[in-house]
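In what follows, a structure is listed as structure tokens, so that the remarks can point back to it.
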Amino acid sequence: ILNVEQSPQSLHVQEGDSTNFTCSFPSSNFYALHWYRWETAKSPEALFVMTLNGDEKKKGRISATLNTKEGYSYLYIKGSQPEDSATYLCASYEFSGSARQLTFGSGTQLTVLP
Amino acid sequence: GAGVSQTPSNKVTEKGKYVELRCDPISGHTALYWYRQSLGQGPEFLIYFQGTGAADDSGLPNDRFFAVRPEGSVSTLKIQRTERGDSAVYLCASSLMAGGYNEQFFGPGTRLTVL
Chain F
8 ILNVEQSPQS
18 LHVQEGDSTN
28 FTCSFPSSNF
38 YALHWYRWET
48 AKSPEALFVM
58 TLNGDEKKKG
68 RISATLNTKE
78 GYSYLYIKGS
88 QPEDSATYLC
98 ASYEFSGSAR
108 QLTFGSGTQL
118 TVLP
Chain Z
57 GAGVSQTPSN
67 KVTEKGKYVE
77 LRCDPISGHT
87 ALYWYRQSLG
97 QGPEFLIYFQ
107 GTGAADDSGL
117 PNDRFFAVRP
127 EGSVSTLKIQ
137 RTERGDSAVY
147 LCASSLMAGG
157 YNEQFFGPGT
167 RLTVL
């Protein structure tokens, strides 16, 4: 069973600020790292699926990096907007034995103040 | 196209009752997943199907929980003799194929409250 940790648990930023969060995961048996955004009253929405060490992905103002050797990923938001307010979840996919499942962290709840 | 849908959106039941939660995945998606999310936690894996068969049910907490996907499309999560600790949001997701490379598409969840 994986232990996926996210920090901080929550944060408040002003509109226009840039911010970043951390996801840490066990590096053994690593297969893939997923980031999801979950807005209140909506479904979780996939942001990125990352697999390779050193991988960097970008979608608009949001980007993510991956370090599989040390077991962490960063999510960056540039110039935060109120519509970025959501819970950001990371999940690690392990490839071990018969296990084929995503293990989620508890999420980082972001509030962007206008 | 239509996304993943779940019914009901909310379910309130009494301790000891039986409940069924339904998931309609995206058409053509062969993999289907069930998760449970308790307050302040991330989604917790319960079971996943590849086609009609349960490929990994290691997350089901006990034998009161059971899930089926008889025709490889719609899935039903069944909970017998519900307990107050079963109260949570139950999320369903589907992906084109199983495997860590494939993003999962989530439904809006069913909020189950056991009184």
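Listed in order, the protein sequences are those of chains F and Z. Plus 7 on top of the position in the first sequence (first one is 1) and you've got this note's numbering. Plus 56 on top of the position in the second sequence (first one is 1) and you've got this note's numbering. From the three backbone atoms N, C-alpha and C, an ideal C-beta is built for every residue, glycine too. All figures in this text were calculated on a predicted structure; none of them were measured in a lab.
query, result
"When you compare the CB of residue 115/F with every CB in chain Z, is at least one pair closer than 8 Å?", "no"
"Does the structure place the segment 25 to 41 of chain F close enough to the segment 96 to 103 of chain F that three or more beta carbon pairs sit under 8 Å?", "yes"
"If I follow the unbroken beta strand (DSSP E) through residue 13/F, where does it start and stop?", "12 to 14"
"Taking only beta carbons into account, state which residues of the segment 112 to 127 of chain Z come closer than 9 Å to chain F, listed in chain order.", "112, 114 and 115"
"Can you list, in chain order, the stretches of the beta strand (DSSP E) that have 3 or more residues and sit fully within the segment 134 to 169 of chain Z?", "144 to 151"
"Show which residues of chain Z have a CB atom less than 9 Å away from the CB atom of residue 41/F.", "156, 159 and 160"
"Going along chain Z, which residues have a C-beta under 9 Å from residue 58/F?", "156 and 157"
"Quick one: what's got a C-beta closer than 7 Å to residue 75/F's C-beta in the same chain, skipping five residues either side?", "34, 37 and 60"
"In chain F, which residues lie with their C-beta within 8 Å of the C-beta of residue 59/Z?", "50"
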